[in-house]
Amino acid sequence: MTRYSSRRSVLAAVAGAGLLAGCTSTARPVTGGADSGIDSAGDTVSDVPEDFDPVLVGEDPPDGEPSDAPPFGDRVLPLPLSPAELRDRATDGGPPKDGIPSIDDPEFLDVGDAEAPDDDVIVLGIVGDDEAKAYPRRVLVQHEIVNDHLDGVPVAVTYCPLTGTALGFERGDTEFGVSGMLLNNNLIMYDRNLDRWWPQIPAVSIPGPWHDTPGGATLRELDVVRTTWRAWRNRHPDTVVLSEATGYARNYDRDPYGARGYYQNDNTIFGNIHESDRYHSKRWVYGVRNESGAAAYLADSVLESGVVHGAVGDVPHVAVYDPGLDTAIVYRNPDDETFEFAEGLVHDQNGNEHPPEDLPLERALSFDAFWFGWFAYYPQTAVYE
439 MTRYSSRRSV LAAVAGAGLL AGCTSTARPV TGGADSGIDS AGDTVSDVPE
489 DFDPVLVGED PPDGEPSDAP PFGDRVLPLP LSPAELRDRA TDGGPPKDGI
539 PSIDDPEFLD VGDAEAPDDD VIVLGIVGDD EAKAYPRRVL VQHEIVNDHL
589 DGVPVAVTYC PLTGTALGFE RGDTEFGVSG MLLNNNLIMY DRNLDRWWPQ
639 IPAVSIPGPW HDTPGGATLR ELDVVRTTWR AWRNRHPDTV VLSEATGYAR
689 NYDRDPYGAR GYYQNDNTIF GNIHESDRYH SKRWVYGVRN ESGAAAYLAD
739 SVLESGVVHG AVGDVPHVAV YDPGLDTAIV YRNPDDETFE FAEGLVHDQN
789 GNEHPPEDLP LERALSFDAF WFGWFAYYPQ TAVYE
């Protein structure tokens, strides 16, 4: 993969435009590096050590966590390197700290509002017990973070244009901002109470230059769904949607990365800790990670098959296609049940039919990402297609 010299060059190129910012599956324990090439059999030759052993964080929260720190997650998560080593790999993304401004006082529109998005606008949706909210991707591409509330709980909805990842987090009494730094081309947030760095995909704190708190705390995550405004409001008719009246002078019809073809080409702007050329770098995957390992489901395979069986570590999981939202939902499948997809419904091995969004299984927290962004953090990943 070739790279642009800096993210600033992408943004500068358009600054004048007014913008910033089937049912069986095959598992492949994927390794591979862009510098290593493809062997004669077509398999990727790995530059990831065979004895690669991820660092697990989150089991024991670091000592001395301040009371105003973001809430701890309740899961153990893998890292490709220790938090301190991740800090050393961080890259200056171009814009300075808060140079990409977060939205800290969001305003929302009702479904019938004349200023609501067009039907086909991509939104990032979250839903709680009492409310649902949507955030147009074209707004988030220029702000990357919205500090908001869901059911009265302080949350942050985050989006990284370079890795294509949308994740939500509880934020407690703090706000998150855009640090201006990147890791594996991925957004590094910072929390404004402690000035601590939080790379978005691994959802873990790492040491940084503005503080002396240790790394290794994990955030509480919430599901974020990427879909269209039409699909989201059909599923959640009482939803509200983020207004483009953000208080910033931005042309939200213009995307600096899309204008340069970034989402379609095989390039990344910066290097990555681990690289794989098994797939096009911007191929979509649905990723799941926990203390047992990491797994990626190819998005086009889930769309075509309806159901793709797999596992995270030694725990079976299954990804099912949700045609209503045009997305995948990943469930834990501890009894390794077999499911099939037909006419928009998921059929279990006993002949029962279930809506894709309501299988009698526990949902696993997953998110969609560009292949390169997923592999950079989780080179030990299995891939299911």
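Under this note's numbering, the letters of the sequence shown match residues 439 to 823, in that order.
All residues carry an ideal CB built from backbone N, CA and C; glycine is no exception.
Check: Between which two residues does the beta strand (DSSP E) harbouring residue 760 extend?
Finding: Counting from 1 along the sequence shown, the entry for residue 760 is found at position 322. Counting along the chain, the beta strand (DSSP E) containing residue 760 begins and ends at 753–760.
Notebook entry, point to check: In three-state terms, what does DSSP make of residue 614?
Noted result: Position 176 of the sequence shown holds residue 614. Note: residue 614 maps to strand in three-state DSSP.
Item checked: The alpha helix (DSSP H) enclosing residue 694, as first and last residue numbers -> As a working mapping, residue 694 is identified with position 256 in the sequence shown. That run of the alpha helix (DSSP H) goes 694–697.
Next item on the list: Per DSSP, which residues does residue 636 bridge with? Please list them.
Entry: Taking the sequence shown and counting its residues from 1, one reaches residue 636 at position 198. Its beta-bridge partners are 627.
Margin query: Please report the straight-line C-alpha distance between residue 721 and residue 740, rounded to a whole angstrom.
Written below: Taking the sequence shown and counting its residues from 1, one reaches residue 721 at position 283. Taking the sequence shown and counting its residues from 1, one reaches residue 740 at position 302. Cα-Cα distance, rounded: 13 angstroms.
Margin query: I need the boundaries of the alpha helix (DSSP H) containing residue 811, first residue and last residue.
Written below: The sequence position of residue 811 within the sequence shown is 373, counting from 1. Taken as a continuous stretch (DSSP letters only), the alpha helix (DSSP H) holding residue 811 covers 809–815.
Item checked: Host beta strand (DSSP E) of residue 554 (start-end) -> Counted from its first residue, the sequence shown places residue 554 at position 116. That residue, residue 554, is in no beta strand (DSSP E); it is neither H nor E in DSSP.
Notebook entry, point to check: Straight-line CA distance for residue 711 to residue 569?
Noted result: In the sequence shown, the residue the question calls residue 711 occupies position 273. In the sequence shown, the residue the question calls residue 569 occupies position 131. Using only the alpha carbons, I get a separation of about 39 angstroms.
Check: Could you give the residue range of the beta strand (DSSP E) that holds residue 778?
Finding: For the purposes of this step, residue 778 is taken as residue 340 along the sequence shown, with counting starting at 1. Its beta strand (DSSP E) spans residues 778–780.
Notebook entry, point to check: Helix or strand or just coil, what does DSSP make of residue 770?
Noted result: Against the sequence shown, residue 770 aligns to sequence position 332. If DSSP states are grouped into helix, strand and coil, residue 770 belongs with the strands.
Checklist line | Supposed close pair residue 777, residue 753 - CB separation, criterion 8 angstroms | finding: Here residue 777 corresponds to residue number 339 of the sequence shown, with the count starting at 1. Here residue 753 corresponds to residue number 315 of the sequence shown, with the count starting at 1. Actually they do not touch by this definition, with Cβ atoms about 16 angstroms apart.
Item checked: Reduced DSSP secondary structure (H/G/I, E/B, other) of residue 581 -> Position 143 of the sequence shown, counting from 1, holds the residue named residue 581. Helix, per DSSP.
Item checked: Residues near residue 555 in its chain [Cβ-Cβ closer than 6 angstroms; skip 5 each side] -> Your numbering for residue 555 matches position 117 in the sequence shown. Only 574, 667 meet the Cβ criterion.
Item checked: Alpha-carbon spacing of residue 728 relative to residue 750, whole angstroms -> Locating residue 728 in the sequence shown gives position 290, counting from the first residue. Locating residue 750 in the sequence shown gives position 312, counting from the first residue. Answer to the nearest angstrom: the Cα atoms are 8 angstroms apart.
Notebook entry, point to check: How long is the line joining the alpha carbons of residue 732 and residue 603, rounded to whole angstroms?
Noted result: Counting from 1 along the sequence shown, the entry for residue 732 is found at position 294. Counting from 1 along the sequence shown, the entry for residue 603 is found at position 165. Each residue's Cα considered, the two are about 16 angstroms apart.
Margin query: Is the beta carbon of residue 663 closer than 7 angstroms to that of residue 819?
Written below: As a position in the sequence shown, residue 819 is number 381, starting the count at 1. As a position in the sequence shown, residue 663 is number 225, starting the count at 1. Going by C-beta atoms, residue 819 is not nearer than 7 angstroms to residue 663.
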